[in-house]
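Heads up, the thing below is written out as structure tokens.
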Amino acid sequence: MTTFPNLFRPFKIGSLTIKNRMVMSPMETHLCDKEGFVTEEIIAYYKERALGGVGYITIENTTVEPAGRVNDGMLCIHDDKFIPGLKKLTDSIHSAGGKLVLQLSHAGREALPYFTGLEPVAPSPIPSPLTKHVPKELTIDQIESIVRKFAEGAERAVKAGFDGVEIHMAHGYLVNQFFSPESNTRIDMYGGDTVRRSRFAREIVESIRRQVPGDYPIICRISADEYTETGLKLEESKEIARILEQAGASAIHVSACNYASAFYNIPCYYLEEGCFVHLAEGIKPVVQIPVLTVGRIVNPAMAENILKENKADLIVLGRVLIADPHFPNKVKEGRIEDIRTCLSCNRCIESISDKKLVCTVNPSIGKEGASYGEKTTQPKRILIVGGGPAGLSAAHLLSARGHTVTLWEKESQLGGSLRYASMAPGKEPVRKFIDYLIHQVKKANISILLEKEATEASVKQFAADVVILAHGAHNVPVEIDGIKGNGVLHVKKAFATVHSLGKNIAIVGGGPEGCELADFLASQGKKVTLIEMRRVLGLELVAHPRYHVCERLKKLGAHLHVNTKVTEVGHDYIIIRRRREADQKLDGFDNIVTPILHQPNPALATPLQALAPEVYTIGDALGGRTALEAITEGTEIGMKI
Ligand SMILES: Cc1cc2nc3c(=O)[nH]c(=O)nc-3n(C[C@H](O)[C@H](O)[C@H](O)COP(=O)(O)OP(=O)(O)OC[C@H]3O[C@@H](n4cnc5c(N)ncnc54)[C@H](O)[C@@H]3O)c2cc1C
Ligand SMILES: Cc1cc2nc3c(=O)[nH]c(=O)nc-3n(C[C@H](O)[C@H](O)[C@H](O)COP(=O)(O)O)c2cc1C
Ligand code: SF4
């Protein structure tokens with residue numbers, strides 16, 4: 001008996017029967033080929049998600065005409081030649097017991113001419129908030145042609161075996177551009193009041209309805225609030241939802257935002273869980289058809305409550321299914337602690353700007369067919385040095401494959417540098433992810449020794465067949481005049497000793513760690529001064545969290561200096577220099593925090609090379625990077641030995 005009865009209650013949208021209330025959100029993967037054809041990689045990716053138990057999968061953003069293609073990572077359905085590949089995809093998902101709906105899309109002014117070689121089009125010649133490119137205003141003939149393209153796309157989707165279609169009417173794409181008073185200033189029948197701005201969408205739904213079987217699902221995805229000053233708001237979206245229902249839509253999928261508010265569209269860890277649920281809740285009472293809700297719904301208990309309180313009929317899961325395709329089955333089986341937590345870090349969306357999808361915590365994206373669990377025929381005695389994400393990822397995989405694994409961690413806790421990462425505001429998912437990794441190693445038959453520091457002598461004495469060095473980076477303080485002997489702290493130490501810090505703190509270095517520490521301290525009421533010599537703060541952060549952390553720092557009143565170099569550090573002061581300005585002394589600080597460089601750590605690797613038959617170095621021990629590389633390298637070594 002599941003503790004989430006509503007989440008596992010079957011449902012129907014027209015002819016589509018859904019075994020539970022979880023739907024996979026459409027998410028571009030760039031796993032298709034450059035021409036937009038289905039590949040074996042993309043089939044394997046979606047099949048894994050079907051096997052993971054989700055009610056139905058919405059296959060990503062698929063363009064109905066070449067000019068509507070955002071870039072060359074987007075699937076296509078604008079010609080019959082795409083049907084055989086799409087049919088292979090639907091066959092594969094159906095054979096895995098899954099159901100799938102195809103998202104039909106046209107990006108309008110957000111299509112990138114750099115990729116398409118075609119002029120972007122839109123209801124009005126108003127520039128894209130992203131590219132600033134001014135699109136060509138569509139003529140009535142062209143509008144009618146695009147309406148037909150959507151209908152033809154839907155017809156092909158039926159032929160290819162999809163169980164339904166979703167029309168992308170959200171996120172600032174073409175249909176959304178017509179809805180929005182911000183991007184549609186037409187004075188003909190496609191512009192003006194809500195009814196006229198909805199005409200394009202209505203005609204698309206009506207023409208698809210004429211082409212597909214009577215109860216074939218046509219799901220409309222809308223941005224019920226564009227999160228901009230003059231864009232769509234919930235009240236107007238209620239009217240739009242009613243118009244779509246009357247036109248023949250089978251369900252409304254309620255999302256939010258456009259390209260001008262893209263920092264909210266895929267809510268990163270600074271935004272609340274379930275941050276768009278209120279929008280679905282607002283649409284629900286005004287239509288008879290089912291309503292879907294999306295947006296950082298990561299917690300099954302929250303999903304269950306949304307259904308119980310009748311705020312929506314279906315729960316749409318995006319990134320949680322990138323991070324862990326088996327989320328639905330694990331929830332059903334009550335294995336919550338086995339769910340590989342999505343960090344809401346948005347590395348995934350950033351990755352697809354120019355390459356295939358990657359995920360910080362799931363290194364198997366695009367390699368779904370590969371086996372991770374094959375038993376070894378040559379069990380070995382393996383010593384892993386370091387209990388950070390690299391060491392932990394390797395440990396449980398090697399143990400599951402039949403090796404005898406011992407892990408030494410010099411601190412009293414596992415988690416490595418990610419423990420500091422998890423302390424910053426908003427980064428609770430990192431804590432949950434560490435708990436997931438710890439749960440995996442604890443379940444496995446691994447001997448874990450805490451407060452055990454590996455040295456040349458102790459490793460030699462242990463006499464392992466294989467030694468895996470996952471002991472993290474060599475932390476080297478940056479050279480600044482006065483840094484020695486003045487009691488300055490480095491970032492990790494500042495996180496670790498926050499309770500002993502004073503009220504007034506200077507942080508030298510506004511990279512990711514400096515920004516997060518500043519946020520952490522300022523949130524606790526401390527006066528923070530942050531100095532960065534580059535033009536922007538948090539340069540290496542993913543764009544979405546970078547935007548939010550900078551906004552937070554401003555709101556918290558942190559004193560932010562960019563383009564500013566610290567030339568000297570004293571006991572309670574720093575000297576700063578801005579280009580062409582005289583040096584300035586800032587003083588009265590209780591603590592000064594300076595950055596550390598995360599360099600390769602050969603201290604153990606070099607002497608150990610000869611002490612074991614096989615020695616490998618993984619993760620930050622090869623040089624400071626991020627958890628993605630640490631987890632990937634831990635997983636790869638876990639499969640290799
Ligand atoms: C403040 C901060 C915030 C960060 N935020 C993010 C983020 O948001 N996203 C992200 O992807 N990355 C982030 N990172 C980077 C990320 O934490 C690292 O890239 C990742 O933890 C590296 O993993 P690792 O296992 O290789 O090394 P580590 O995590 O450093 O783990 C190494 C482990 O080895 C142990 N060890 C060292 N020497 C020995 C020895 N001789 N014997 C036994 N044990 C030893 C250490 O105590 C440590 O536990 C952040 C880092 C910091 C410092
Ligand atoms: C990598 C990635 C690709 C996306 N591609 C699409 C897409 O093709 N079509 C679409 O409507 N939304 C797309 N989105 C938005 C998601 O469908 C979803 O609305 C968003 O991720 C919020 O849901 P979540 O918090 O459950 O991840 C994408 C999101 C991500 C992370
Ligand atoms: S990259 Fe980050 S946000 Fe995206 S799915 Fe993976 S963990 Fe989640």
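With my numbering, letter number 336 in the sequence shown gets 336, and the count goes up by one each step, no holes. Glycine residues also receive a C-beta, built at the ideal position from the N, C-alpha and C atoms.
Excluding the five sequence neighbours on either side, which residues of its own chain have a C-beta within less than 6 Å of the C-beta of residue i, listed in chain order?
{"i": "residue 267", "result": "275, 295 and 296"}
{"i": "residue 559", "result": "529"}
{"i": "residue 151", "result": "207, 208 and 211"}
{"i": "residue 532", "result": "510 and 562"}
{"i": "residue 616", "result": "468 and 637"}
{"i": "residue 282", "result": "234"}
{"i": "residue 339", "result": "324, 327 and 330"}
{"i": "residue 441", "result": "392, 395 and 396"}
{"i": "residue 545", "result": "268"}
{"i": "residue 156", "result": "77 and 83"}
Alpha carbon to alpha carbon, how far is residue j from residue i? Give it in angstroms, no decimals.
{"i": "residue 414", "j": "residue 195", "result": "58 Å"}
{"i": "residue 94", "j": "residue 46", "result": "11 Å"}
{"i": "residue 76", "j": "residue 386", "result": "46 Å"}
{"i": "residue 99", "j": "residue 11", "result": "13 Å"}
{"i": "residue 376", "j": "residue 640", "result": "10 Å"}
{"i": "residue 177", "j": "residue 235", "result": "17 Å"}
{"i": "residue 180", "j": "residue 231", "result": "6 Å"}
{"i": "residue 320", "j": "residue 555", "result": "30 Å"}
{"i": "residue 304", "j": "residue 52", "result": "18 Å"}
{"i": "residue 42", "j": "residue 445", "result": "34 Å"}
{"i": "residue 547", "j": "residue 361", "result": "22 Å"}
{"i": "residue 632", "j": "residue 604", "result": "21 Å"}
{"i": "residue 85", "j": "residue 192", "result": "41 Å"}
{"i": "residue 96", "j": "residue 595", "result": "50 Å"}
{"i": "residue 253", "j": "residue 350", "result": "24 Å"}
{"i": "residue 513", "j": "residue 14", "result": "50 Å"}
{"i": "residue 352", "j": "residue 500", "result": "43 Å"}
In terms of alpha-carbon separation, which member of the options lies closest to residue i?
{"i": "residue 102", "options": "161, 460 and 622", "result": "161"}
{"i": "residue 130", "options": "412, 215, 263 and 198", "result": "263"}
{"i": "residue 166", "options": "509, 7 and 217", "result": "217"}
{"i": "residue 277", "options": "302, 571 and 601", "result": "302"}
{"i": "residue 32", "options": "19, 52 and 61", "result": "61"}
{"i": "residue 6", "options": "332, 154 and 438", "result": "332"}
{"i": "residue 36", "options": "591, 80, 624 and 521", "result": "80"}
{"i": "residue 105", "options": "87, 623 and 222", "result": "222"}
{"i": "residue 447", "options": "133, 391 and 182", "result": "391"}
{"i": "residue 643", "options": "457, 348, 205 and 172", "result": "The question about residue 643 has no answer, for the chain in this structure spans 1 to 641."}
{"i": "residue 159", "options": "419, 370, 437 and 213", "result": "213"}
{"i": "residue 18", "options": "55, 168 and 419", "result": "55"}
{"i": "residue 458", "options": "335, 607 and 170", "result": "607"}
{"i": "residue 410", "options": "384, 401, 309 and 355", "result": "384"}
{"i": "residue 226", "options": "205, 244 and 279", "result": "279"}
{"i": "residue 88", "options": "583, 149, 426 and 44", "result": "44"}
{"i": "residue 113", "options": "433, 69, 293 and 145", "result": "69"}
{"i": "residue 215", "options": "240, 239 and 289", "result": "289"}
With which residues is residue i paired in a DSSP beta bridge?
{"i": "residue 221", "result": "168 and 253"}
{"i": "residue 173", "result": "Note: residue 173 sits in no beta bridge, so no partner."}
{"i": "residue 477", "result": "596"}
{"i": "residue 103", "result": "166"}
{"i": "residue 504", "result": "527"}
{"i": "residue 76", "result": "63"}
{"i": "residue 564", "result": "578"}
{"i": "residue 569", "result": "574"}
{"i": "residue 136", "result": "121"}
Kindly list the residues whose CB is nearer than 7 Å to the CB of residue i, restricted to its own chain and excluding five residues on each side of it in sequence; keep chain order.
{"i": "residue 585", "result": "573 and 575"}
{"i": "residue 601", "result": "471, 472, 473, 474 and 621"}
{"i": "residue 542", "result": "345, 346, 347 and 350"}
Grouping DSSP H, G and I as helix and E and B as strand, with all else coil, what is residue i?
{"i": "residue 288", "result": "coil"}
{"i": "residue 587", "result": "strand"}
{"i": "residue 574", "result": "strand"}
{"i": "residue 32", "result": "coil"}
{"i": "residue 540", "result": "coil"}
{"i": "residue 404", "result": "strand"}
{"i": "residue 381", "result": "strand"}
{"i": "residue 4", "result": "coil"}
{"i": "residue 671", "result": "Since the first residue of the chain shown is 1 and the last is 641, residue 671 is not available in this structure."}
Can you find a heavy atom of ligand 4 that lies under 7 Å from the Cβ of residue i?
{"i": "residue 480", "result": "Absence of ligand 4 is noted for the structure shown, with ligand 1, ligand 2 and ligand 3 being the only ligands found."}
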